[in-house]
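Engineer: Position 30 of the sequence shown, counting from 1, maps to 30 under the UniProt record's numbering, and the rest follow consecutively. Here you go, one structure.
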Amino acid sequence: MDIRSATPDDFEAIRAVARETWHDTYDELEADMIDRTVDNWYTDDSMPLEAPGTIVLVAEADGELVGFTHAVAQGDKADILRLYVHPDHQNEGIGLTLHERLMEELESYDVDRVRSFDFAFNDASRAFYEGLGFEQTDEGEVEIDGEYYPEAVYTHDVS
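What follows is the structure in structure tokens.
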């Protein structure tokens with residue numbers, strides 16, 4: 001497996017991984033809404049690779065993009081906005097490897113605290129982040145297509 005920084009040429013494959021993962025993970029959401037959201041949220045406009053503090057990493061196995069993560073560092077804090085692994089490649093350590101590499105990249109930003117966000121009903125995400133030492137510290141809502149969904153905020157102090 002190879003972990004590298006994303007390029008603009010990766011966005012089609014990033015959207016494909018996001019689409020498959022969302023459909024596999026989020027039964028609570030309508031399929032059409034998932035497709036519209038993925039088409040809007042996983043683009044070079046919504047994940048600008050050159051923006052200050054932005055890190056987008058991809059994982060490749062046998063030349064195929066199988067996972068990615070996206071974080072933004074600002075000041076002494078960083079937010080992990082996305083970390084997805086294609087359902088056919090989950091439980092192979094790819095998510096952990098992506099996270100470890102992301103944390104290495106964040107060291108250059110001198111962040112003290114890292115947060116991650118996901119739907120509150122995603123038990124697999126909760127278990128993943130708690131296994132990495134994150135704690136749920138807040139709740140919020142995320143709007144998708146005019147509907148509001150509960151969101152969990154996980155925090156990890158890295159200092």
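Positions of the beta carbon are idealized from the N, C-alpha and C atoms, including for glycine.
From what residue to what residue does the beta strand (DSSP E) around Ser125 run?
Structural biologist: Premise fails: Ser125 lies in the alpha helix (DSSP H), Asp123 to Gly131, not in any beta strand (DSSP E).
Engineer: On the criterion of 16 or more Cβ atoms from any shown chain inside 10 Å, does Tyr42 qualify as buried, or is it exposed?
Structural biologist: The residue is buried, with at least 16 neighbouring Cβ atoms inside 10 Å.
Engineer: So the beta strand (DSSP E) Glu104 belongs to, where does it begin and stop?
Structural biologist: Here Glu104 belongs to no beta strand (DSSP E); instead the alpha helix (DSSP H) covers Ile94 to Glu107.
Engineer: Excluding the 5 residues flanking Ile3 on each side, which residues of the same chain have their C-beta closer than 7 angstroms to its C-beta?
Structural biologist: If we look at Ile3 and ignore the five residues flanking it on each side, its Cβ neighbours are Leu57, Ala59, Thr97, Leu98 and Arg101.
Engineer: Could you tell me which residues DSSP pairs with Val38 in its beta bridges?
Structural biologist: Beta-bridge pairing links Val38 to no other residue.
Engineer: Where does the unbroken beta strand (DSSP E) through Thr155 begin, and where does it stop?
Structural biologist: Glu147 to Asp157 is the extent of the beta strand (DSSP E) around Thr155.
Engineer: Would you tell me roughly how many angstroms separate the C-alpha atoms of Ala127 and Gly75, rounded to the nearest one?
Structural biologist: Answer to the nearest angstrom: the Cα atoms are 28 angstroms apart.
Engineer: Does the region 28 to 44 come within contact of the region 132 to 148, defined as at least 3 CB pairs closer than 8 angstroms?
Structural biologist: Yes, the region 28 to 44 is in contact with the region 132 to 148.
Engineer: If you check the beta carbons only, do Val66 and His89 fall under 8 angstroms apart?
Structural biologist: Yes, these two residues count as a Cβ contact at 8 angstroms.
Engineer: Start and end of the beta strand (DSSP E) containing Asp62?
Structural biologist: That residue, Asp62, is in no beta strand (DSSP E); it is neither H nor E in DSSP.
Engineer: Can you give the Cα-Cα distance for Glu104 and Met47, rounded to whole angstroms?
Structural biologist: Cα to Cα, the separation comes out at about 20 angstroms.
Engineer: May I ask you to list the residues that DSSP assigns as paired with Ala51?
Structural biologist: In the DSSP output, where bridge partners are listed per residue, Ala51 has none listed.
Engineer: If you draw a straight line from the alpha carbon of Glu130 to that of Ser116, how long is it in whole angstroms?
Structural biologist: Whole-angstrom Cα-Cα distance: 11 angstroms.
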